[in-house]
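One structure is given below, encoded as C-alpha cells.
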Amino acid sequence: MSLSPRGTLVCTLVLCAITVASCSRRDSASRAVIQNKGSDTLVNVAQAWAETYKTVNPDVAIAVSGGGSGTGISALINGTVDLANASRRMKDKEIALARKNGVEPKEFIVGYDALAVFLHPNNPIDKFTIAQLADIYGENGGFESWKQFQITVPGCDSAEIVRVSRQNNSGTYAYFKKAILGKEREYKLGSRDLHGSKDVVDLVEHTPCAIGYSGLAYKTPKVKVAAIGMSDDGPFITPSVATAADRSYPIARPLIMYTRGEPKGAVKAYLDWILSDEGQRIIQEKGYAPVRAVAPKQ
Amino acid sequence: MPGSRPHAEIDRRNADWYVDKLVQVTVFVSGVSAILFIIGIFVFVTIEGVGFIANTLDFGEFFGSPAWRPTSETKPTYGALALIVGTASVTGLAMLVAVPFSLGAAIFIGEFATGKVRETLKVLVELLAAIPSVVWGFIGLSIMNPLIIDVFNVPVGLSILNSGIILGLMAAPIMTTIAEDALKAVPDTYREAAEAMGATRWQVIFRVVLPAAKNGLVAAVLLGVGRGFGETMAVLMASGHSVNLPTSVFDSVRALTATIAAELGETAQGSDHYAALFTLGIFLFAITFLINLAADVVVRGIRKGK
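Chains A and B supply the protein sequences, listed in that same order. Here the first sequence stands for residues 8 to 305, numbered as in this note's numbering. Here the second sequence stands for residues 6 to 311, numbered as in this note's numbering.
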C-alpha cells in the first residue's frame with residue numbers, strides 16, 4: 008500500500024487526534040490516577056503498596072517514582088503530585104513555599120525506619136555512641152582515623168575513616184544530621200556523597216575503611232550493622248523492625264506521606280488502606296516498622 | 006506565443022506553491038534553530054540565576070571557599086571552589102590520558118594502517134564513542150573502584166584517578182576522529198616532497214605532517230576538554246562526589262556538572278539553592294562556550310592559513 012504525501016498527513020493527524028483523545032479521557036472519569044513521588048527510602052514500599060492496591064481497587068492507578076524526599080516535596084509544592092513520600096518532615100521554609108503556592112500540606116506518618124550505621128565486615132567495631140558518630144561525621148569532629156578507636160581494620164592500611172554520606176537533599180541526610188549532629192552543627196566536608204540508599208551500602212561493602220548510614224531495609228548480608236547507644240554506658244541497641252517500632256533504637260525516624268490539603272476521594276481511600284492492617288503488613292515485610300503492631304497474615 | 010504559459014498561471018497559489026513555501030520555511034527554521042536554541046538556553050539559564058547572582062551571591066565565597074552547604078538551615082554557604090577544582094583536576098587528568106592515546110591512534114589510523122585494519126579501527130573507535138556515559142560510570146564504580154583499592158592500596162577507589170581514566174577513555178574517540186581528520190587534511194604532496202628529500206617515515210610525520218596539522222590537533226584536544234568539562238553521569242559515579250580540595254590523584258572530588266545533576270531535581274523552584282545551581286550552570290556554560298569558541302577559532306586558523 009502506498010500513500011500520497013497528503014494521505015500520510017491525514018493519517019498522522021487522525022492518529023494524533025486519537026492519542027490526544029485517549030489521554031484526556033484518563034482524567035475525566037472512570038480511572039483515577041494518583042501521582043506518588045519522593046523518598047528513595049520509601050520507594051520500595053510505595054511500589055509494593057501500589058502493586059497490591061491494584062487488587063483492592065482496580066479503578067485506581069498509582070504512579071510511583073523515587074528521587075528523594077526533597078524531590079517529592081518540591082513536586083508537591085509545585086503541584087505535580089498528589090502524594091509526596093518523605094523520610095523527613097517538611098522544613099518551615101518548604102511549608103511556607105507550599106502555602107504561597109496555595110498548597111496546605113498535610114502529614115501522615117505511615118511507618119518508622121531505623122537508620123542503620125553500616126561498616127565493612129572486616130571492621131572489628133560493633134557499637135558507637137551518638138557522640139562518637141558526631142565526631143566522625145560532624146564539622147570539627149576529632150575522629151579521622153580508625154586508630155583513634157584503638158583498632159586496625161584488615162584491608163584498610165591507611166586507617167583513614169572513609170565517611171560515606173548522601174547528597175544534601177536526601178531525607179536520610181537531613182535526618183541523620185538532625186539526630187546525630189543536632190540542629191546547628193554541619194557535616195564535615197569531604198564525605199563521599201552518594202546518590203541512593205543502596206549505593207551507600209554497596210560502597211561500604213567494597214571498602215574496608217568505610218562507614219556509612221542508610222535505612223535498615225537496605226542492609227545486605229555482606230555489611231555489618233553497628234549498635235547505637237545514647238551514652239558510653241549504653242544501652243547499645245541494634246537496629247531492627249522491633250527496636251524501631253518500640254522507639255528504643257535512638258535513630259529511627261518517621262516515614263511520612265504528605266497530601267495537598269485534607270485528602271479526598273481516591274487519595275483518602277488509598278491512605279486509609281495504607282494505614283490499615285493490610286497496608287501496614289506490607290511495610291513490615293519490606294523491613295520497616297509499622298505505626299502500630301499488626302498481626303501477621305493468617 | 007502558443008508554447009509559453011502566462012505569468013498568472015505560474016504564480017497561481019496551488020498545492021505545489023504551498024508545498025514549496027512549506028519546505029522553504031522548514032529548511033530555514035532548521036537552519037536557524039541551533040542559534041535560537043543556544044540563545045534560548047542562555048536566556049533561560051541566565052534568568053534563573055541572575056537574581057541570585059546580583060543579590061545574594063558573594064563572589065569571594067563562590068570562587069574562594071570550598072564550603073558548598075546549600076541546604077544548611079542555619080547558614081547556607083555557596084562556595085564552589087572545591088567543585089571548580091574538582092572538575093578541573095578530573096578533566097586535566099583525563100587529558101593526560103586521552104591526548105597521547107588519541108593522537109597515537111590518529112597517527113596510526115591516518116598514516117600507517119591501510120585497508121582492512123584501518124577500516125576496522127575506525128569502526129571500533131566510533132563504537133567506543135557510542136558507549137553511554139552511565140555505562141562508563143558503572144565501570145568506574147564496580148570495576149575500577151576495587152581495582153584501584155587493590156593495586157594502589159588506598160582506602161577508596163572513587164577518585165580523580167578513577168574518573169580521570171574513565172573520562173579520558175570517553176573523550177579519546179572523538180579526539181581521535183577529529184585528529185585523524187586533521188591529519189588527512191594535510192595534502193599528500195607535503196608527504197611526497199618530504200619523502201623525495203629522503204626523510205624517513207617518522208621524520209615525515211613528526212617534522213612535516215604534525216606541524217602542518219597543528220591547528221586541527223589543538224582543536225581536537227580543546228573539544229576533548231569541552232567534553233570532559235560537560236560530562237556528568239560518569240563523573241558523578243566515579244569521582245566519589247565529595248566536596249574536597251584534592252591533594253593527590255587518589256582523593257575523591259566533586260564536579261560542577263555532577264553537583265547540578267545530583268541536586269537540581271530535589272530543590273524547590275525559586276529557592277536560593279535552585280538559583281545557586283543555575284549559577285553553577287552559567288559558569289559551566291561560559292567555560293564550555295569559551296573552549297568551543299577557542300577550538301572554532303583555531304580550526305578557522307587552518308582554513309585561513311591555506
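Glycine included, each C-beta is placed from N, C-alpha and C at the ideal position.
Proximity to residue i [Cα-Cα], best of the options
i        : options                                   : result
B/Arg305 : B/Phe283, B/Thr264, B/Leu228 and B/Ala224 : B/Ala224
A/Tyr182 : A/Lys98, A/Gly272 and A/Val301            : A/Lys98
A/Ile187 : A/Gly241, A/Ile235, A/Ser152 and A/Asp164 : A/Ile235
B/Gly248 : A/Ile132, A/Lys231 and A/Ser172           : Residue identity differs from the one stated: residue 248 of chain B is Val in this sequence, not Gly. Cα-wise, what sits closest to B/Val248 is A/Ser172.
B/Ala243 : B/Ile58, B/Ser147 and B/Tyr83             : B/Ser147
B/Met175 : B/Ile153, B/Ile40 and B/Leu133            : B/Leu133
B/Ile265 : B/Gln274, B/Phe49, B/Tyr279 and B/Ser77   : B/Tyr279
B/Ala99  : B/Glu268, B/Trp207 and B/Ile165           : B/Ile165
B/His246 : B/Ala260, B/Thr252, B/Phe234 and B/Glu236 : B/Ala260
A/Lys190 : B/Glu78, B/Thr61, B/Asp301 and B/Val55    : B/Glu78
B/Trp207 : B/Phe113, B/Met149 and B/Gly235           : B/Phe113
B/Ile287 : B/Asp21, B/Val34 and B/Val48              : B/Val48
A/Val309 : A/Lys107, A/Ile116 and A/Ser46            : Only positions 8 to 305 of chain A appear in the structure, and residue 309 of chain A is not among them; the question remains open.
B/Leu86  : B/Gly69, B/Leu172, B/Ile183 and B/Ser168  : B/Gly69
B/Ile110 : B/Ser168, B/Phe157 and B/Ala184           : Here residue 110 of chain B is Ala; the residue named in the question, Ile, does not match the sequence. With distances taken between Cα atoms, B/Ala110 lies closest to B/Ala184.
B/Gly84  : B/Gln29, B/Pro178, B/Leu250 and B/Gly235  : B/Leu250
A/Ile281 : A/Lys61, A/Asp47 and A/Ala39              : A/Lys61
B/Gln274 : A/Asn85, A/Ala249 and A/Asp239            : A/Asn85
B/Ala300 : B/Phe234, B/Gly233 and B/Val226           : B/Val226
B/Leu129 : B/Leu241, B/Val102, B/Arg18 and B/Thr181  : B/Thr181
A/Gly5   : A/Pro228, A/Val63 and A/Lys44             : Absent from the structure is residue 5 of chain A, since the part of chain A shown begins at 8 and ends at 305.
A/Pro242 : A/Lys184, A/Gln157 and A/Lys134           : A/Lys134
Nearest-angstrom Cβ-Cβ length linking residue i and residue j, presumed shorter than 8 angstroms
i        : j        : result
A/Pro161 : A/Pro215 : 7 angstroms
A/Lys113 : A/Pro257 : That pair is no contact at about 28 angstroms.
B/Leu228 : B/Ala187 : Contact doesn't hold; Cβ gap of about 11 angstroms is too wide.
B/Ser138 : B/Met238 : 4 angstroms
B/Ile136 : B/Val230 : Rounded, the Cβ-Cβ distance is 20 angstroms, inconsistent with contact.
A/Val50  : A/Gly73  : 4 angstroms
A/Gly222 : A/Ser204 : 5 angstroms
A/Pro246 : A/Val232 : 6 angstroms
A/Lys44  : A/Asn92  : 7 angstroms
A/Gly148 : A/Ala141 : 6 angstroms
Spatial neighbours of residue i in its chain, beta-carbon cut-off 8 angstroms, leaving aside the 5 residues before and after
i        : result
A/Asn175 : Asp200
B/Tyr195 : Val213, Val214 and Ala217
B/Lys189 : Gly115
B/Leu88  : Trp73, Val248, Arg259, Ala260, Leu261, Thr264 and Leu285
B/Glu268 : Pro75, His278 and Leu282
B/Asn19  : none
A/Ala252 : Tyr119, Ala296, Pro297 and Ala300
Span of the alpha helix (DSSP H) around residue i
i        : result
B/Arg232 : Lys219 to Gly235
B/Ala333 : The displayed coordinates of chain B run from 6 to 311. Any statement about residue 333 of chain B would go beyond what the structure contains.
B/Ile170 : Ile165 to Lys189
A/Ala82  : Ser76 to Ile84
A/Ser204 : Ser204 to His213
B/Leu108 : Leu86 to Ile112
A/Ile41  : Run containing A/Ile41: none in the alpha helix (DSSP H); it sits in the beta strand (DSSP E), Ala39 to Gly45.
B/Asn150 : Asn150 to Phe157
A/Ala251 : Val248 to Ala252
A/Tyr277 : Gly272 to Leu282
B/Phe68  : Phe64 to Gly69
A/Tyr225 : Element bounds for A/Tyr225: n/a, residue is neither H nor E.
Close-in-space but distant-in-sequence residues of the same chain around residue i (CB under 6 angstroms, 5 per side omitted)
i        : result
B/Val159 : Phe255
A/Ala36  : Residue placement at A/Ala36 is flagged as unreliable, the pLDDT there being 47, under the threshold of 50; the coordinate-derived value follows with that caveat. Closer than 6 angstroms at Cβ, skipping near neighbours: no residue.
A/Arg267 : Val110
B/Val303 : Asn220, Val223 and Ala224
B/Ile171 : Trp141, Gly145, Ala239 and Ala243
B/Ala177 : Ala103, Phe106 and Ser107
Same chain, Cβ closer than 7 angstroms to residue i, neighbours up to 5 away in sequence not counted
i        : result
A/Ala217 : His127, Val169, Val171, Leu210 and Val211
B/Asp277 : Phe57, Thr61 and Pro81
Endpoints, the beta strand (DSSP E) within which residue i is located
i        : result
A/Leu201 : Arg199 to Leu201
A/Met264 : Ala259 to Arg267
B/Lys80  : Run containing B/Lys80: none; DSSP gives neither H nor E here.
A/Val232 : Lys231 to Gly236
A/Ala68  : Val67 to Ser72
A/Tyr220 : Ala217 to Gly222
A/Ala93  : Leu90 to Ala93
Chain-ordered chain C contacts of residue i [CB-CB under 8 angstroms]
i        : result
A/Thr159 : You won't find chain C in this structure, because its protein chains are A and B.
beta-carbon residue i near the ligand ATP non-hydrogen atom, thresh 7 angstroms
i        : result
A/Ile116 : For the ligand ATP, the structure offers nothing, since it holds no ligand at all.
Kindly provide the ranges of any alpha helix (DSSP H) runs that are 4 or more residues long and lie completely inside the region 237-299 of chain B, ordered along the chain.
238-243 and 261-269
Could I get the ranges of all uninterrupted beta strand (DSSP E) runs contained in the region 105-180 of chain A, with 3 residues as the minimum, in chain order?
112-126, 134-136 and 169-173
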